[in-house]
Amino acid sequence: MFHKVVVIGNLGGDPEMRYTPSGTAVTNLNVATRTSVSKERTPECPDGWKESYNGRNWELTTWWRVTAWRQLAETCNQYLTKGSQVYVEGEVSGQATNGTQYPRVWQDKAGVSKASYEMTARVVKFIGGRGERAEGLGPEALEEPPPGFVEEDEIPF
14 MFHKVVVIGN
24 LGGDPEMRYT
34 PSGTAVTNLN
44 VATRTSVSKE
54 RTPECPDGWK
64 ESYNGRNWEL
74 TTWWRVTAWR
84 QLAETCNQYL
94 TKGSQVYVEG
104 EVSGQATNGT
114 QYPRVWQDKA
124 GVSKASYEMT
134 ARVVKFIGGR
144 GERAEGLGPE
154 ALEEPPPGFV
164 EEDEIPF
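In structure tokens, the structure reads:
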């Protein structure tokens with residue numbers, strides 16, 4: 014079986030890039046997505062939601078911790094900044110226990126338990142900056158080869 018997750022949102026901060034001990038580039042992105050519903054359709058505020066800036070809607074922000082690897086990581090780090098709008102396609106990643114994957118659970122500074130939505134990016138499309146279409150930001154879409162992918166010239170025959 015297979016699953017794919019698509020997230021379209023804005024970066025909440027600049028990309029954070031590092032290298033593994035073996036020299037593989039890895040970049041983390043914090044991507045915010047927003048769901049909203051009009052007050053006309055839903056007069057009472059849904060539990061956990063807040064009023065939008067314009068006062069006409071209820072909204073809920075979901076944060077995604079996105080991890081990009083190799084060339085995709087380097088390009089994201091080079092071209093993206095806080096506020097950049099991105100389309101990200103990949104798989105959910107999390108904490109594996111006995112062959113089942115769960116959201117990663119952690120505690121904030123106040124000791125309150127939280128869970129995070131995490132994904133490994135396979136495709137990142139640079140849509141633009143805050144509310145605008147970005148011009149000349151580099152490749153429109155970058156794709157990470159699937160795990161186990163081997164370039165033709167790396168095949169030993």
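Once you know that position 114 of the sequence shown is 127 in the numbering used here, the rest is easy, because the numbers rise by one and skip nothing.
Ideal placement from N, C-alpha and C gives every residue a C-beta, glycine not left out.
Only a predicted model underlies this, so the values are computations on that prediction, with no experimental measurement involved.
Just the Cα atoms here: how many angstroms apart are C58 and R47? 15 Å
Nearest to T80 (by Cα), restricted to the options F139, E131 and P34: E131
Do you know how far the Cα of K122 is from the Cα of F139? 33 Å
Excluding sequence positions up to five away, which residues of its chain have a Cβ less than 8 Å from the Cβ of E104? H16, K17, V18, M132, T133 and R135
Every unbroken alpha helix (DSSP H) within the segment 80-121, with a cutoff of 4 residues, ordered by chain: 83-92
Does DSSP put F139 in a helix, in a strand, or in coil? strand
Hey, could you find the ends of the beta strand (DSSP E) A45 is sitting in? A38 to S51
For the beta strand (DSSP E) that G22 lies in, which residues bound it at each end? V18 to L24
From T88 to S126, what distance separates their C-alpha atoms? 34 Å
Apply the 10 Å Cβ neighbour rule to N111 and answer buried if 16 or more other Cβ atoms are within range, or exposed otherwise. exposed
Just confirm the distance between the C-beta atoms of L42 and K95, as a whole number of angstroms; I'd bet it's less than 8 Å. Going by Cβ atoms, the distance from L42 to K95 rounds to 10 Å, so no, they are not a contact pair.
In the DSSP assignment, find the unbroken beta strand (DSSP E) run with R31 in it and report its ends. E29 to Y32
Secondary structure of Y66, DSSP reduced to three states: coil
Using the beta-carbon count (16 or more within 10 Å), is L73 buried or exposed? exposed
Quick one: what's T74 bridged to in DSSP? R47
Run through DSSP, which three-state label would G149 get? Interpretation of G149 is limited by its pLDDT of 43, a score under 50 that renders its predicted location unreliable; the figure taken from the coordinates is listed afterwards. Residue state, collapsed to three classes: coil.
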